[in-house]
Amino acid sequence: MLSHADDLRVEIENEGGDPKTAERVLEEWRGANLDSVDTALCIYAEKLTHSPAAMTATDIQALRDQGLSDEAIHSAIQTISYFNYINRVADAVHVELEPEMPPYEDGGR
Numbered sequence: 002m003l004s005h006a007d008d009l010r011v012e013i014e015n016e017g018g019d020p021k022t023a024e025r026v027l028e029e030w031r032g033a034n035l036d037s038v039d040t041a042l043c044i045y046a047e048k049l050t051h052s053p054a055a056m057t058a059t060d061i062q063a064l065r066d067q068g069l070s071d072e073a074i075h076s077a078i079q080t081i082s083y084f085n086y087i088n089r090v091a092d093a094v095h096v097e098l099e100p101e102m103p104p105y106e107d108g109g110r
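Shown next as structure tokens:
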């Protein structure tokens, strides 16, 4: 997770943004002052992660309303789903977290 935050930090810096945004996203994305597209993607990712059976066409339409193409939405779904999958695999085989990573309070990723 922390390596992904480092990658995000570099991307943000390369685009001329505030590198502290990566830390804010890592701590709590809602307080990170994301633009409307990134906020919509985070809302979608959170729902797909925690309530996959509750996903509806309305959720996809919310992404389209932000200007995302069906191809971009498909890529986002694939990426979100991959991370959900690999985190569950890591949990199942008890992969040790990075030492500087705080434990998850809900017992899972």
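When you read off a place in the sequence shown, starting at 1, and then add 1, the result is the number in this note's numbering. Backbone N, C-alpha and C define an ideal beta-carbon position, used for all residues, glycine too.
Let's see if you can read the secondary structure: which residues bound the alpha helix (DSSP H) around residue 26? 21-29
Terminal residues of the continuous alpha helix (DSSP H) containing residue 40? 37-51
Could you tell me the distance, in whole angstroms, from the CA atom of residue 34 to the CA atom of residue 24? 12 Å
Within its chain, find whatever has a CB closer than 8 Å to the CB of residue 71; leave out the 5 residues flanking it on each side and keep chain order. 65
Alpha helix (DSSP H) segment containing residue 88, residue limits: 71-93
Of the listed residues 43, 12, 32 and 26, nearest to residue 67 (C-alpha basis): 43
If I follow the unbroken alpha helix (DSSP H) through residue 59, where does it start and stop? 58-65
Return the residue from the list 38, 6 and 97 that minimises the CA-CA distance to residue 27. 6
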